[in-house]
Every structure is written in C-alpha cells, then in structure tokens.
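Protein chains in written order, with my numbering: chain A, 11 to 289; chain B, -7 to 318.
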C-alpha cells in the first residue's frame, strides 16, 4: 500500500477531506493571526462594550469592548499550539517507549507497561489538571500536561503494533542476515507501525483542543493577556444574561475544530485500512 | 569421505506452555525431540511431516532464529549454537519463507530488500550493490528495472522470486526453504521449484527443503527425512523412500498422494486413525503406535531408534529391529 493510494482514498472520504482543509485553514490562520485580526485583540474600548455583530465588529465586542472576531482568530494560535504539543510529546516519548517495550519484551516490557497502565487509570483531564497544578499554572505548562497525558495511548499503540511486526517474516529475514535491534527498529518496525500511529496523532488533535479549552476555562491554562477559546468562554459565561452571543463564537470554533480532528482521524483510518469502512 | 556442510546432533527444542504464578514453567511442548541430520554440500534434503511435527522449527534453528534447547548444530565443524559464530557464519545460511506476502517489507523497494543483507554485512559500494541487485533480479527471471518498485506491485510468484534473490545475494552455502511453494498456484509451483534447481546447479549450494506436500519434495530432493511428532521416522535417498518406504508412517503418507493415473487408482490406501497426539504429551514408546496400523504390543513400551535398514535408508521402527541384528 503506497502513500499515493492512501492519499487517493483519503481524498474520496469527503467529510474527512473537507475537515482536513478546515484544519489546514485554521493552521494558516494561526500562523498569520496578527496580520489577519482587524483590531488589536487586547485593545479595550470601554465606550463600545457588549456590542452586537456589525460591519465594524463582525462578532461584536465583549464586556471590555474588545473585538471578539480578533480574539477568536488569536485563539486559533493557542489551540494549534496545544495540538502540536499533544502530538510531538507523545510521538517523541510514548512511541519510543512502546517500540522498545514491544521489541525487547520480558521485564522491560512489564515495567514500562505497568507504569502506562497506572497512568491510563487516571482520567485524562484530571491528570492534566494535576500536572498543571504541580508544574505551576501557565499556558505553557498546561500544554506540556496535555502532551504527557497522551503518552500512554501512544505507548500502548506502538507496543501492540511492534509485537505484530516483530514476528513478520521480513523481520526474521533481516535477523538471519545479521540485523541488530537498531537496524530492525528503524528499517522495519517504525515504517510499518507509522500508519496507525499517525491516525492516533490526528485523533489526538481534537483531544488536545478540547483539553486546552477545558484547562483554560478552569483558569489553569491561558492567563490574560493570553487568548484562548477556553478563557473566552469562561469570561462570556459570566455575562450570559447580558449577551448570550459571546459564548457562541469561541464555543463554535472549539466544536468545529474538535469535530474536524475526529473526522480526519476516522478518514485516515479508513484510507489506510479500507476494510474498516463498513464499521 | 566428504564432510557434511551442516550437521545436527541430537537437537531438541522445547517450548514452554503457559507459566505458573511466579513464571515457573513446568509444561513443555517438545517440538523437536532429538533429531540428528547431516546435509552435504550441493545436496537437497527434504523434510516432510504433518503440521506441528517440528519441521519448521528445525529450519529456524539451522538459520539461527531460535536456539536448540539441547544438542548442537555444526556448520563445517564449527558450532553454531553460540551467538558470535552465528554472526560470522550468518551469511552462509539463508532462508526462503512460505508466505511471499509477509516476507517482503511493504515499505521497502525491491532493490533495498535484495541488497539489505549486503548493507548489513557492509559489502560493496552503492554502485556495486546496485549492479548485484540487477544481476540477481535477472537471475531469478525478473526485469532489472523492477528494483525501484514496491512489493505490492508484484504477484505471489514474483514475490517468491524476489525472496529467492534476497536469499542468494550473500552467496550462501545453504538455503532453508520453509514451504516455499505451498502458498503458490500449482502452475507457479513448478516454475519456482525449477528455478531453485537451476540455481543449485549453477552455484552448488545445498537446500534444506521443508514441505508438507510430498510431491514437491520428490521433485527437488536428493534425500528425504520424514518427521513425526518431533522425531525422525525415516531418512532415505529419495528414490529409495518412494519405491520402498519402510516406516508405516511413510507408507501412509505416500498412499495419501492423489494418483493421476486411473489404472493405478485401485492401489491400497492406508488411512490413519485418530488425530496427531499433542506434542506436549507424546505417547510412550513409539510415538506413532497410537495410529500405526502395524502396532505391536512392544511398541507401547520400547522407543525405536533410527537405524539403517538398507544402504540408502534409515528407519525408526521396531518392525525392522530384527533385521539389524542379523
């Protein structure tokens, strides 16, 4: 199964492909956010608070007269950063742990996997809260916590896949020809376990966005003047009687991004293994 | 006298079944239970038997994928059981696998797959290796420009040819063929067998040819070893084995082969009763006595040894014990 074939099948998964384009646009928006925002997202205008949507303020203004549209745009940065952390940290820590445990087996496998089991036993968001509290409250630490929470899933997945690939005849053939563990891992195991790991990574985007929003909502993530959809919802929530629209924009932005992440993950899964389509 | 290329001396392989609470292992599957076998340069030894009789395990021990529990394997008089010697001698021993789909890494190009052993042994420059790959592709009947493609672009027979090319790249002295044709169409089987034969004539290498189909074995082997439940039942020159089988198990195996000639269809067919006993708890005495049509009372107690029954054959059966004494 070649990359080209997977791409072709992925493109034919309409919903997933549209979601992928959506995430791509969000990422581009995040990179160029300061150039796109019509107003300084932190500039207050106390003479124009809680304004309804208009041509000058597409999504209205909040209780300090800040432009909501500019703030939603800036919020993409936080969301995308959180997603990157939630992918890079487990990919660089969880996957190697899983591969080593699966490849070596025995006591190392037992030790690694019991630790992973223990971490999985704690609900993700609770663990992230705990880690953030321990590291100190900041957006940066919240993102690290989100990354750490995702490590066990990646370790488990990588281990399971490695166990499967390890006994394939092509691995045995390399062994007969004198391949050591490093060669086997890089040449045979990593290339062959990467498709399911990539699917997991794309599913993790939605987990990361949701976790970052939740932590910021609880005041454990973004601290003013940092802008996050979560903290925007938190601020809007206290003003829900004055202007219920305030809560809608960051809420919809979060929901769309989370959904897009899930659809891309599902689409990738089907594109990599077409047998799953019927499920 | 010629020295054997590879020599198995009373090799045993036991696998633990399950484990106790504290990892204590007390039950064992005796996959291979005392097999001695010599393979001489340039010859093909066929290994037949039912599934689970330990024939694949023997192949895996010869190439070093697993170590014998007991007994020794010698390659040209050098002991193979310790890891160091294996690393040095590894390039003399190669293997061709049964499943042509899982034996090639789907994420490597054909050229990379074939030259992998060269890279691992640090042989040749990039250019030399590439040239060698092209030569080998042509040797196994594929176009040399296929090197840049991936395994999924090939059929089962073509993949098996690629597997053969990979096994040949280090110019080994022995190739273990683990059921190399049983996953292929009948029409392709003959092509692959003939290719293996041609290569043997060209390069003078030896094969340990493992199969459960007796026809492929007859076609390619010089000698045949018949295995039953981890032990060798009979070992003979191919012609001798097919014309004059001695062990009742061999007779039953041969009579199970479909006969294409309708005139000969009336020959006697020996049907074995019962199932293969579990290798974790093999029967006492002769392992075959539970299913043997000729079983005697003493077969339940005495375990027959592999003894010469003629110049060209050895049989492990108490029926022939008397003849040896005389």
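Think of the CB as a built atom: it goes at the ideal place given N, C-alpha and C, for glycine as much as any other residue.
Are the beta-carbon atoms belonging to residue i and residue j less than 8 angstroms from one another?
i: residue 224 (chain A); j: residue 82 (chain B); result: no
i: residue 152 (chain B); j: residue 92 (chain B); result: yes
i: residue 54 (chain B); j: residue -2 (chain B); result: yes
i: residue 215 (chain B); j: residue 37 (chain B); result: yes
i: residue 283 (chain B); j: residue 264 (chain B); result: yes
i: residue 187 (chain B); j: residue 156 (chain B); result: yes
i: residue 242 (chain A); j: residue 260 (chain A); result: yes
i: residue 99 (chain A); j: residue 161 (chain A); result: yes
i: residue 218 (chain A); j: residue 111 (chain A); result: no
i: residue 164 (chain B); j: residue 84 (chain B); result: yes
i: residue 290 (chain A); j: residue 249 (chain A); result: Given that chain A is displayed from residue 11 to residue 289, the structure contains no residue 290 (chain A) and the question cannot be resolved.
i: residue 183 (chain A); j: residue 146 (chain B); result: no
i: residue 85 (chain A); j: residue 56 (chain A); result: no
i: residue 184 (chain B); j: residue 154 (chain B); result: no
i: residue 109 (chain A); j: residue 172 (chain A); result: yes
i: residue 200 (chain B); j: residue 168 (chain B); result: yes
i: residue 148 (chain B); j: residue 191 (chain B); result: no
Here's the rule: buried if 16 or more other CB atoms are within 10 angstroms of the residue's CB, otherwise exposed. What is residue i?
i: residue 45 (chain A); result: exposed
i: residue 293 (chain B); result: exposed
i: residue 65 (chain A); result: exposed
i: residue 247 (chain A); result: exposed
i: residue -6 (chain B); result: exposed
i: residue 281 (chain B); result: buried
i: residue 130 (chain B); result: exposed
i: residue 151 (chain A); result: buried
i: residue 290 (chain A); result: Here chain A covers residues 11 to 289 and nothing more, so residue 290 (chain A) does not appear.
i: residue 60 (chain B); result: buried
i: residue 198 (chain A); result: buried
i: residue 117 (chain B); result: exposed
i: residue 22 (chain B); result: buried
i: residue 252 (chain A); result: exposed
i: residue 273 (chain B); result: exposed
Under the three-state reduction of DSSP, which class applies to residue i: helix, strand or coil?
i: residue 301 (chain B); result: strand
i: residue 43 (chain B); result: coil
i: residue 22 (chain B); result: strand
i: residue 214 (chain A); result: helix
i: residue 123 (chain B); result: helix
i: residue 134 (chain A); result: helix
i: residue 142 (chain B); result: coil
i: residue 290 (chain B); result: helix
i: residue 66 (chain B); result: strand
i: residue 248 (chain A); result: coil
i: residue 27 (chain B); result: strand
i: residue 93 (chain B); result: coil
i: residue 7 (chain B); result: strand
i: residue 194 (chain B); result: helix
i: residue 47 (chain A); result: coil
i: residue 269 (chain A); result: helix
i: residue 143 (chain A); result: helix
i: residue 267 (chain B); result: coil
i: residue 88 (chain A); result: helix
i: residue 100 (chain B); result: coil
i: residue 245 (chain B); result: helix
i: residue 151 (chain A); result: helix
i: residue 158 (chain A); result: helix
Name the DSSP bridge partner or partners of residue i?
i: residue 224 (chain B); result: B:219
i: residue 329 (chain B); result: Residue 329 (chain B) cannot be examined here, being either before or after the span of chain B that is shown, -7 to 318.
i: residue 38 (chain B); result: B:201 and B:216
i: residue 307 (chain B); result: B:226 and B:299
i: residue -2 (chain B); result: B:31 and B:67
i: residue 283 (chain A); result: DSSP, once it has assigned bridges, lists no residue as partnering residue 283 (chain A).
i: residue 71 (chain A); result: A:77
For the ligand ATP, any of its heavy atoms closer than 7 angstroms to the Cβ of residue i?
i: residue 161 (chain B); result: Ligands are entirely absent from the displayed structure, and the ligand ATP is therefore not among its contents.
For the stretch 169 to 190 of chain A, which residues have a CB atom closer than 9 angstroms to at least one CB atom of chain B, in sequence order? 178, 179, 180, 181, 182, 183, 184, 185, 186, 187, 188, 189 and 190
Given a limit of 9 angstroms on CB to CB distance, which residues of the stretch 121 to 140 of chain B reach chain A? none
Of the residues that make up the stretch 196 to 211 of chain A, which ones have a beta carbon closer than 7 angstroms to any beta carbon in chain B? 198, 201 and 202
To be precise: take each residue of the stretch 86 to 97 of chain B, compare its Cβ to all Cβ atoms of chain A, and keep it if any distance is under 7 angstroms. Which residues remain? 86, 87, 89, 91, 94, 95, 96 and 97
Listed from N- to C-terminal order along the chain, which residues in the stretch 42 to 66 of chain B have their beta-carbon within a distance smaller than 9 angstroms of any beta-carbon of chain A? 52, 55, 56 and 57
Can you pull out the residues from the stretch 279 to 310 of chain B whose beta carbon lies closer than 7 angstroms to at least one beta carbon of chain A? none
Compile a chain-ordered list of the residues in the stretch 232 to 255 of chain A whose CB is closer than 7 angstroms to at least one CB of chain B. none
Closer than 7 angstroms between beta carbons: that is the criterion. Which residues of the stretch 146 to 160 of chain A meet it against chain B? none
Interface positions of the stretch 97 to 119 of chain B facing chain A (Cβ-Cβ less than 7 angstroms), listed along the chain: 97, 98, 99, 108, 109, 112 and 113
Selection of the stretch 57 to 91 of chain A by Cβ proximity to chain B, strictly under 7 angstroms: none
Can you list, in chain order, the residues of the stretch 155 to 166 of chain B whose Cβ is nearer than 9 angstroms to any Cβ on chain A? 155, 158, 159, 161 and 162
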